[in-house]
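Beneath this line is the structure, given in structure tokens, with notes to follow.
In this note's numbering, the protein residues as written are 96 to 397.
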């Protein structure tokens, strides 16, 4: 079960209009792959945003001791980041990104991992714009319209939600990864097979032995998640059958990707489809390719 819920553009507009006891705070978390040379934070400040939105920087609120991008922070770092944005524990948070559903699931998941409730994922910003709902197009100089707060969460679900490199390595070395888990990689298929380069210079492509491809684009329809479990199940099943991949409901599941962003997209899709016990390998392929013995960098489909 996902830690957060989907909300449609219309339902968001209704929520903003009807909610009188708590703030509804849109959270822009737009992040682009490094090879695009685009800056989500600068677009937030210069281009447009939902009114009263804050910008949550997944490359700012992270584990600063890790050599890998935007890894989950510790609780103190998370609380400090939320305080700087002026978020309070009573706020209703609605996360979006300007791409559609790309980095927003990662942000919504992070907020919920550290106990914020409720958290919604807007499904999605492109549809919001197409429906002519209100936008703020003025230039901003700050990532939040609010004064700093004192945000204090004592919840950390990291151990329940995340699989470590050490856990993955033990399973691969023993040959038990595919026996004990469904493991899906959200990267584009040519990166999974090793036929295309990784967007990060010097990083080899390929995959962890025992994983299966589940490109994040396969679980979205025009950037949106399906709006019912049945539709989400069908979308997943159609892809898995076409790709000759399997999902064993008796096994727990691990999702991964390049750096833990699009892995949350497929994690969300699986959970929306009713798949239970889905964890994220946060370091994903970047950590694996940098740390694992080259003999564990697989090529091809399997």
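For every residue, glycine included, the Cβ atom is placed at its ideal position computed from N, Cα and C.
Check: Between the region 118-134 and the region 179-189, are three or more C-beta pairs nearer than 8 Å?
Finding: yes
Note to self: Going by C-alpha to C-alpha distance, which of 161, 292 and 276 sits closest to residue 130?
What the structure shows: 292
Checklist line | Separation of residue 108 from residue 294, as counted between CA atoms | finding: 37 Å
Note to self: Assuming residue 197 is part of the beta strand (DSSP E), what are its boundary residues?
What the structure shows: Here residue 197 belongs to no beta strand (DSSP E), and DSSP marks it neither H nor E.
Next item on the list: Report back the beta-carbon spacing between residue 216 and residue 199 to the nearest angstrom; my notes put them in contact at under 8 Å.
Entry: 6 Å
Item checked: Classification of residue 96 by the beta-carbon crowding that lies within 10 angstroms, buried from 16 upward -> exposed
Checklist line | Opposing strand residues paired with residue 216 [DSSP bridges] | finding: 101 and 190
Notebook entry, point to check: So, is residue 274 buried or exposed, given that buried needs 16 or more other C-beta atoms within 10 angstroms?
Noted result: exposed
Checklist line | 8 Å contact criterion, which residue 60 and residue 195 should meet: CB distance rounded | finding: Not covered by the structure: residue 60. The range shown for the chain is 96 to 397.
Item checked: Bridge partner(s) assigned by DSSP for residue 349 -> 278 and 374
Item checked: Stretch pair the region 281-290 + the region 261-270: three plus CB contacts closer than 8 Å -> no
Margin query: Tell me which residue opens and which closes the alpha helix (DSSP H) that residue 121 is part of.
Written below: Premise fails: residue 121 lies in the beta strand (DSSP E), 119-123, not in any alpha helix (DSSP H).
Checklist line | Given residue 319 as reference, the closest of 335, 110, 361 and 271 once Cα atoms are compared | finding: 361
Note to self: Less than 7 Å between C-beta atoms, sequence neighbours within five positions excluded: which residues of the same chain meet that for residue 300?
What the structure shows: 286, 289, 291, 292 and 293
Notebook entry, point to check: For residue 235 versus residue 140, is the C-beta distance shorter than 8 Å?
Noted result: yes
Margin query: Quick check on residue 218: buried or exposed, where buried means 16 or more other Cβ atoms within 10 Å of its Cβ?
Written below: buried
Check: Going by C-alpha distance, which of 348, 350, 103 and 152 is nearest residue 239?
Finding: 152
Item checked: Cβ pair residue 303, residue 393 closer than 8 Å -> yes
Check: Where does residue 246 sit, in a helix, a strand or coil, going by DSSP?
Finding: coil
Note to self: Whole angstroms are fine: how far does the CA of residue 192 sit from the CA of residue 135?
What the structure shows: 9 Å
Next item on the list: Check whether the region 325-339 touches the region 350-358, taking contact to mean three or more Cβ pairs, one atom from each stretch, closer than 8 Å.
Entry: no
Notebook entry, point to check: DSSP state of residue 295, grouped into three classes?
Noted result: coil
Check: Going by the CB atoms, is the gap between residue 277 and residue 346 shorter than 8 Å?
Finding: yes
Note to self: Let me confirm a value: residue 384 is counted as buried when at least 16 other C-beta atoms fall within 10 Å, else exposed. Which label applies?
What the structure shows: buried
Next item on the list: Report, in whole angstroms, the separation of the C-beta atoms of residue 378 and residue 246, which I expect to be a contact under 8 Å.
Entry: In fact, because the Cβ distance is near 26 Å, the residues do not count as touching under 8 Å.
Item checked: Opposing strand residues paired with residue 393 [DSSP bridges] -> 302
Check: Where do the ends of the alpha helix (DSSP H) carrying residue 311 lie?
Finding: Premise fails: residue 311 is in no alpha helix (DSSP H) and is neither H nor E.
Notebook entry, point to check: Roughly how far, in whole angstroms, is the beta-carbon of residue 214 from the beta-carbon of residue 167, given that I think they are within contact range, below 8 Å?
Noted result: Residue 214 to residue 167, Cβ: 15 Å. No contact.
Checklist line | First through last residue of the alpha helix (DSSP H) which encompasses residue 174 | finding: 170-179
Note to self: DSSP has residue 150 in a bridge; who is on the other side?
What the structure shows: 123
Next item on the list: With DSSP collapsed to three states, give me the class of residue 231.
Entry: strand
Note to self: Using 8 Å for Cβ pairs, my map puts residue 406 next to residue 104. What's the rounded Cβ distance?
What the structure shows: The first residue shown for the chain is 96 and the last is 397, placing residue 406 beyond what the model contains.
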